[in-house]
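Undergrad: For what it's worth, our numbering labels the leading residue of the sequence shown as 11, then goes sequentially.
Just dropping this structure here.
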Amino acid sequence: MGSVVIIGNGLGMAIAPSKYTLKSALDSVNNIHPKIDLIRKFISNTLPDNEEVLGQLQLPLFSYRACRLLNIPQEKSELKELDTILNDYVYEVSCYFHNLVPYTVIEDFINHLYSYIMRTTSHIATLNYDNLLYKGILKHKYRTDQSIADGFLFGPINSRNSYMVYKSKEFNWKIETQPKYLHLHGSPYFVNNSHGIVKLRDTVTKLYNNTTGDIDEVDGKTKGKHIVLTSVEHKKFIIENSPLLKKYWSVLKHLIGKNKTIIIFGYSGYDTHLNELISLYPKKKKAIIEWEEAGKDDGGYTKEDRLEFWSKRLKTHESNIILEQMANITEFTAWDSLFEKKKQAATA
Numbered sequence: 011m012g013s014v015v016i017i018g019n020g021l022g023m024a025i026a027p028s029k030y031t032l033k034s035a036l037d038s039v040n041n042i043h044p045k046i047d048l049i050r051k052f053i054s055n056t057l058p059d060n061e062e063v064l065g066q067l068q069l070p071l072f073s074y075r076a077c078r079l080l081n082i083p084q085e086k087s088e089l090k091e092l093d094t095i096l097n098d099y100v101y102e103v104s105c106y107f108h109n110l111v112p113y114t115v116i117e118d119f120i121n122h123l124y125s126y127i128m129r130t131t132s133h134i135a136t137l138n139y140d141n142l143l144y145k146g147i148l149k150h151k152y153r154t155d156q157s158i159a160d161g162f163l164f165g166p167i168n169s170r171n172s173y174m175v176y177k178s179k180e181f182n183w184k185i186e187t188q189p190k191y192l193h194l195h196g197s198p199y200f201v202n203n204s205h206g207i208v209k210l211r212d213t214v215t216k217l218y219n220n221t222t223g224d225i226d227e228v229d230g231k232t233k234g235k236h237i238v239l240t241s242v243e244h245k246k247f248i249i250e251n252s253p254l255l256k257k258y259w260s261v262l263k264h265l266i267g268k269n270k271t272i273i274i275f276g277y278s279g280y281d282t283h284l285n286e287l288i289s290l291y292p293k294k295k296k297a298i299i300e301w302e303e304a305g306k307d308d309g310g311y312t313k314e315d316r317l318e319f320w321s322k323r324l325k326t327h328e329s330n331i332i333l334e335q336m337a338n339i340t341e342f343t344a345w346d347s348l349f350e351k352k353k354q355a356a357t358a
């Protein structure tokens, strides 16, 4: 068996740090969203500028959604509108990250990663909404006809878009021999329509900066239900309420258990729900590739500092961690030899 490769926002940050930040995305959407005044009303008349503030928006919706599920009558209120608007808002934020830079900027990185994934039957799990890596991987898939599963099959074609329909059982076919691509925090490609959960193929790039300002619908599909964009303590709630995301996380747990190693690339270490899952496997070897100044603002960035940080975050002994610190992580290509260094050190 191969590895599970978990990829975080550090990939985009290594290319365009001023663009690939949540603050940049929120500021951009705040300037164009037609219902931003209603959103501000629920957060002390301020604008969303981080995940914690977005989490505050979820709080008044919890009781509203619970009553709705239990068919408990409720007085008409702005909460119903907020429920819809918040889905639209987070969807638009996720769209911001699409096509900020072309995947060709990191084509050499993608080539080496794809080769490693296919040769070793490894798997990709990304925390990012953007298609920077995804588009490059798809290009390889179409060229080589080697399949990477993400749970979708080709579905009906409507008048404007073609899309693929989610089939959860797809992950159960050849699960040990077919590489997987898991969008752990969702993607703007994922929406709902009469066929269920579908994956858009060609339209996402047209959604951001919608000139009409009408973001209630995209071809009649329901948006934002498969996007994890909230405070850390509420992320599990979003995942549990999306059949697609819940399945992705279930598959991730299965794959981590079955594969020999975990590779963590460009991940901050601050998503507790991910750390908790990885911590279930304390003796499994882990390789971490990160920016050489990661941790500089909160606890130290020497190798010793970072090994201690990751050991605590993932609840594992430092001897189970290989740490690669780089000035530019997109220049990393040594996937095959990552764990060889540890073996050589152990036998020396």
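We put the beta carbon where it would ideally sit given N, CA and C, even for glycine.
No experiment lies behind these values; they were computed from the predicted model shown.
1) Exposed or buried, which one is D224 when buried takes at least 16 other CB atoms within 10 Å?
2) Would you mind giving the Cβ-Cβ distance between L262 and L194, rounded to the nearest angstrom? I have them listed as a contact below 8 Å.
3) Quick one: is A344 buried, meaning 16 or more other Cβ sit within 10 Å of its Cβ, or exposed?
4) To which residues of the same chain is T215 closer than 8 Å at the C-beta, ignoring the five residues directly before and after it?
5) Per DSSP, what are the beta-bridge partners of L69 in this structure?
6) Looking at the structure shown, is T271 part of a helix, part of a strand, or coil, going by DSSP?
7) Could you give the distance in angstroms between the alpha-carbon of N219 and the alpha-carbon of A26?
8) Using only the alpha-carbon positions, how far apart do F52 and A159 sit?
9) Between Q372 and N97, what straight-line distance do the alpha-carbon atoms span, to the nearest angstrom?
10) Going by Cα to Cα distance, which pick from I17, A24, V14, G12 is closest to E302?
11) Could you check what DSSP says for H283 in three-state terms: helix, strand or coil?
12) Does the beta-carbon distance from S278 to N81 come in below 9 Å?
13) How many Å lie between G22 and V115 at the Cα?
14) Which first and last residues belong to the alpha helix (DSSP H) in which K51 is found?
15) Can at least three beta-carbon pairs, one atom from the segment 307-319 and one from the segment 53-65, be found at a separation below 8 Å?
16) For A135, which option in Y291, D37, L284, S73 has the closest C-alpha, if you only look at C-alpha atoms?
17) Assign I120 to one of three DSSP states: helix, strand, or coil.
18) Can you check DSSP and say which residues form a bridge with L333?
19) Per DSSP, which residues does H133 bridge with? Please list them.
20) How many angstroms separate the CA atom of I298 from the CA atom of K190?
21) Closer than 6 Å by C-beta to V242: which residues in its own chain qualify, once you throw out the five before and the five after it? Chain order, please.
22) How close, in whole Å, do the beta carbons of L254 and H133 come, if the pair is a contact with beta carbons under 8 Å?
23) Between Y101, E102, L137, I147, which has its C-alpha nearest N121's C-alpha?
24) With H, G and I counted as helix, E and B as strand and the rest as coil, what does DSSP make of G146?
25) Where does I25 fall in DSSP's three states?
26) My assumption, with CB atoms under 8 Å, is that Y362 sits in contact with L192. Please give the rounded CB distance.
27) DSSP three-state label for F349, please.
28) From M11, D93, D37, S28, pick the residue whose C-alpha is nearest to that of I248; which is it?
29) Indicate the three-state DSSP secondary structure (helix, strand or coil) for H244 in the structure shown.
TA: Quick answer:
1) Residue placement at D224 is flagged as unreliable, the pLDDT there being 36, under the threshold of 50; a coordinate-derived value is accordingly withheld.
2) Right, their Cβ atoms sit about 7 Å apart.
3) Exposed.
4) Residue placement at T215 is flagged as unreliable, the pLDDT there being 46, under the threshold of 50; the coordinate-derived value follows with that caveat. These residues qualify, in order along the chain: H108, N109.
5) According to DSSP, residue pairing for L69 in a beta bridge does not occur.
6) It is a strand residue.
7) Its pLDDT being 45, under 50, N219 is placed unreliably in this model, and the coordinates cannot settle the point.
8) One C-alpha to the other measures close to 40 Å.
9) Residue 372 is absent from the model: the chain starts at 11 and stops at 358.
10) The option with the nearest alpha carbon to E302 is A24.
11) For H283, the secondary structure class from DSSP, reduced to helix, strand or coil, is helix.
12) The answer is no: Cβ separation not under 9 Å.
13) Roughly 11 Å between the two C-alpha positions.
14) In the DSSP assignment, K51 falls within the unbroken alpha helix (DSSP H) covering 46-51.
15) No: the two stretches stay apart, fewer than three of their Cβ pairs being nearer than 8 Å.
16) Checked all of Y291, D37, L284, S73; the closest Cα to A135 is L284.
17) In the structure shown, I120 sits in a helix (DSSP, three-state: H, G or I).
18) Per DSSP, I298.
19) BP columns for H133 point to V14.
20) Their backbone Cα atoms lie some 20 Å apart in a straight line.
21) So the qualifying residues of the chain are T282.
22) Wrong, their Cβ atoms sit about 17 Å apart, outside the cutoff.
23) Cα-wise, what sits closest to N121 is I147.
24) The DSSP-derived three-state label of G146 is helix.
25) Note: I25 maps to coil in three-state DSSP.
26) The question about residue 362 has no answer, for the chain in this structure spans 11 to 358.
27) In the three-state reduction of the DSSP assignment, F349 falls in the coil class, being assigned neither a helical nor a strand state.
28) Taking only the C-alpha atoms, the option nearest I248 is D93.
29) In the three-state reduction of the DSSP assignment, H244 falls in the helix class.
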